[in-house]
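What follows is a short report on a single structure.
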Amino acid sequence: MNTPLKCAALLAAFFVVSLSFGDDRQFTEQKIYDLEGLESLSLDFNHAEIEMTQNSGATLDITMIQTLKRGDKDSCLHVLSDERAGKALKVLTGYSSQRWTRNCNVHRTIKVLVGTAALQRLALDHGHSTLELQDIKMPNFELLARHSGVRVGAIVASMASLDCRHGSLNIESAQSDNIRINGAHGKLKIAVLNSAEFEGSWRHGSVSLLKSQVGTVNFTSGHGAVYFDNHTGDTLNLSNRHGKIKANGLQLENVTLRNKHGPIVFSGGASRLEAYNGHGAIKLVQTAAKFDIVSHNNHGNIKIQLPKGSQYNYAMNAKSVKINDKKLQAYHLKTQTQATPNHIQINSSHGQVVIDEI
């Protein structure tokens with residue numbers, strides 16, 4: 021095949037359709053790409069409301085609708101452009117000229133339909149608007165959002181990485197071998213999570229995980245409350261600075277909760293339960309019959325509730341220890357020398373320690 025025919029063949033494989041039309045105020049641009057032979061797709065859209073859906077096909081259909089409320093169309097409107105390298109395609113938006121001025125007011129919506137038949141990786145880069153994703157099914161999924169409100173219906177991926185700055189992230193369900201979530205200055209809410217590993221950090225905003233089954237969790241937070249409900253797994257490591265930690269209805273092997281300034285509340289069963297606090301109360305409701313509990317608090321009370329009839333060895337360094345239940349109190353006085361698989365270790369500097377039955 022000669023060179024002109026080669027170029028024509030490549031172009032035909034790259035674009036299926038490219039259309040632009042509009043009136044004086046509303047402008048529509050549509051591009052359809054053939055994804056056959058591609059493995060990686062990147063989308064970089066800013067200052068636009070994004071609606072994304074998927075199907076099992078092998079094409080990418082992008083429709084951008086812009087309503088020009090103020091300004092000149094040549095200076096204010098975005099255009100779709102693309103870059104291709106090997107088996108990777110990137111589609112992005114930007115101004116068509118360098119004459120952009122501040123005298124622009126454009127409402128911009130981009131609707132995306134992605135065929136997932138051939139793709140192995142989907143990466144989204146979005147800023148300064150809203151992003152609505154229905155279902156994401158992809159071996160590798162990446163999201164970078166800035167100043168955006170993000171809503172996701174479902175994520176099914178082997179690897180998932182989400183980074184959201186100055187905006188909230190709401191996920192209805194996520195299923196992934198490994199999922200990483202980082203963010204700041206917004207709320208994070210996950211209704212259902214199933215994963216082998218979940219790690220990340222969130223700053224200046226609340227974190228809510230309503231139901232989850234995760235092998236290992238390593239998560240840090242700062243300046244916001246953290247809520248974990250109905251969580252099962254092997255290992256949970258949660259740390260917070262200047263915010264509440266509340267873990268309710270948990271069933272795990274190992275739990276470690278750390279806080280600098282804020283209360284720690286735990287309810288559930290854990291074979292190994294550790295809670296450390298600098299300035300704030302610690303309340304632990306342990307439902308497991310066999311347990312090993314470690315709790316240190318510098319400035320705050322410690323309250324531990326145990327199953328009825330619990331027997332344990334203990335080591336306590338505290339100025340004030342109160343045993344509320346009489347049977348537990350009588351047993352507590354002789355448990356230092358009695359053989360039992362259960363252990364409690366407490367260190368309290370400025371606060372009262374209370375041990376009670378559930």
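Take 21 as the starting number for the sequence shown in my numbering and just add one per residue. Where is the CB? At the ideal position from N, CA and C, for every residue including glycine.
1. Which first and last residues belong to the beta strand (DSSP E) in which Asp376 is found?
2. Could you tell me the distance, in whole angstroms, from the CA atom of Arg223 to the CA atom of Gly169?
3. Measuring straight from C-alpha to C-alpha, what distance separates Asn160 and Ile366?
4. Enumerated in chain order, which unbroken segments of the beta strand (DSSP E) with a length of 3 residues or greater are wholly contained in the stretch 191-226?
5. Could you give the distance in angstroms between the alpha-carbon of Arg90 and the alpha-carbon of Phe286?
6. Using only the alpha-carbon positions, how far apart do Gly106 and Leu100 sit?
7. Return the CA-CA distance between Ala137 and Gly77, expressed in angstroms with no decimal places.
8. If you measure between the beta carbons of Ile8 and Lys51, is that distance less than 7 Å?
9. DSSP state of Ser291, grouped into three classes?
10. Going by DSSP in three states, Cys124 sits in which element: helix, strand or coil?
11. Can you check which of these residues, Gly173, Ala245, Gly206 and Val341, is closest to His186 by C-alpha distance?
12. Please specify which runs of the beta strand (DSSP E), each continuous and at least 3 residues long, are wholly inside the stretch 28-111, giving them in chain order.
13. For Ser117, collect the residues of the same chain with a Cβ closer than 8 Å to its Cβ; drop the 5 residues on either side in sequence, then sort them by chain order.
14. Can you give me the start and stop residues for the beta strand (DSSP E) that Tyr332 sits inside?
15. Who are the near neighbours of Thr307 in its chain, counting only those whose CB is closer than 8 Å to its CB and skipping five residues on each side?
16. Could you check which residue in Val234, Leu229 and Ala211 has the C-alpha nearest to that of Asn268?
17. Could you name the residues of the same chain whose beta carbon sits closer than 6 Å to that of Leu208, not counting the 5 residues immediately before and after it, in chain order?
18. For Lys26, which residues of its own chain have a beta-carbon under 6 Å away from its beta-carbon, when the five flanking residues on both sides are left out?
19. Below 8 Å on the Cβ atoms is my guess for His370 versus His319; work out the distance and round it to an integer in Å.
20. Pick out whichever of Leu112, His146, Met72 and Leu139 has its Cα sitting closest to the Cα of Gly57.
21. Out of curiosity, what's the CA-to-CA distance linking Arg261 and His281?
22. Output the distance between the C-alpha atoms of Asp312 and Asn333, rounded to the nearest integer angstrom.
23. Would you mind listing the beta strand (DSSP E) stretches within the stretch 241-279 that are 3+ residues and don't spill past its ends, in chain order?
24. Out of Ser178, His167 and Gly235, point me to the one whose CA is closest to Ile156's CA.
25. Compute the distance between the beta-carbons of Lys220 and Gly235, then report whether it is under 7 Å.
26. Is Phe161 helix, strand or coil by DSSP?
27. Can you say whether Pro361 is buried or exposed, counting buried as having 16 or more other CB atoms within 10 angstroms of its CB?
28. Excluding five sequence neighbours on each side, which residues of the same chain lie with their C-beta closer than 6 Å to the C-beta of Leu182?
29. Report the CB separation of Ser291 from Asn274 in whole angstroms; it is logged as a contact under 8 Å.
30. Among the candidates Ser330, Val373 and Leu304, whose CA atom is the shortest distance from the CA of Met336?
31. According to DSSP, is Leu25 part of a helix, a strand, or is it coil?
32. Just how far apart, CA to CA, sit Leu97 and Val126?
33. Compute the Euclidean distance between the alpha carbons of Lys323 and Ser241, then round it to the nearest angstrom.
34. For Asn321, does the three-state DSSP call read helix, strand or coil?
35. Go through its chain and collect everything with a Cβ distance to Lys301's Cβ below 7 Å, but skip five positions before and after it.
36. List the DSSP bridge partners of Phe239.
So, to answer that:
1. DSSP places Asp376 in the uninterrupted beta strand (DSSP E) bounded by Gln372 to Glu377.
2. Approximately 16 Å between the Cα atoms of the pair.
3. Asn160 and Ile366 have their C-alpha atoms spaced approximately 44 Å apart.
4. Runs of the beta strand (DSSP E) spanning 3 or more residues and lying entirely within the stretch 191-226 occur at 208-223, in chain order.
5. When rounded, the distance between both Cα atoms is 54 Å.
6. Each residue's alpha carbon lies about 20 Å from the other.
7. Approximately 5 Å between the Cα atoms of the pair.
8. What is shown of the chain runs 21 to 378, which leaves residue 8 out entirely.
9. Three-state DSSP puts Ser291 in a strand.
10. In the structure shown, Cys124 adopts coil according to DSSP, grouped into three states.
11. Comparing Cα-Cα distances from His186 to each of Gly173, Ala245, Gly206 and Val341, the minimum goes to Gly206.
12. Listed in chain order, the complete beta strand (DSSP E) runs (minimum 3 residues) inside the stretch 28-111 are 35-42, 46-54, 60-66, 69-75, 79-90 and 98-105.
13. Excluding positions up to five away in sequence, the list reads Asp94 and Ser95.
14. For Tyr332, no beta strand (DSSP E) segment is defined, and its DSSP state is neither H nor E.
15. Non-local beta-carbon contacts of Thr307 in its own chain, meaning distances under 8 Å to residues more than five positions away in sequence, involve Ser287, Gly288, Gly289, Pro327 and Ile378 in chain order.
16. Nearest C-alpha to Asn268: Leu229.
17. Setting aside the 5 residues that flank it on each side, Leu208 is surrounded in the same chain by Leu189, Trp222 and Val227, each with a C-beta closer than 6 Å to its C-beta; the list follows chain order.
18. Any answer about Lys26 is weak, because its pLDDT of 37 lies below 50 and its placement is not dependable; what the coordinates show is given next. If you ignore the 5 residues before and after Lys26, its C-beta comes within less than 6 Å of no other C-beta in its own chain.
19. Between the beta-carbon of His370 and that of His319 there is about 5 Å, and that keeps the pair under the 8 Å contact cut.
20. Considering only alpha carbons, the answer is Leu139.
21. Each residue's alpha carbon lies about 6 Å from the other.
22. Rounded to the nearest angstrom, the two C-alpha atoms are 9 Å apart.
23. Taking only runs of at least 3 residues, the beta strand (DSSP E) segments lying wholly in the stretch 241-279 are 246-249 and 251-261.
24. Minimum Cα-Cα distance from Ile156 among the listed residues Ser178, His167 and Gly235 corresponds to Ser178.
25. The amino acid at residue 220 is misidentified as Lys; the sequence shows Gly. Cβ atoms of Gly220 and Gly235: not closer than 7 Å.
26. It is a strand residue.
27. Looking at its Cβ environment, which holds fewer than 16 other Cβ atoms inside 10 Å, Pro361 is exposed.
28. Cβ within range, chain order: Leu163 and Ile201.
29. A Cβ-Cβ separation of about 7 Å places Ser291 in contact with Asn274 under the 8 Å criterion.
30. Ranked by Cα distance from Met336, the options Ser330, Val373 and Leu304 are led by Val373.
31. Only weak support exists for where Leu25 lies, its pLDDT of 36 falling under 50; the coordinates are left without a value.
32. Whole-angstrom Cα-Cα distance: 7 Å.
33. Each residue's Cα considered, the two are about 23 Å apart.
34. In the structure shown, Asn321 sits in coil (DSSP, three-state: anything other than H, G, I, E or B).
35. A quick correction: the sequence has Ala, not Lys, at residue 301. Exclusion of the five residues before and after Ala301 leaves Pro283, Gly320 and Asn321 as the residues of its chain whose Cβ lies within less than 7 Å of its Cβ.
36. Looking at the DSSP output, Phe239 sits in a beta bridge with Gly220 and Leu258.
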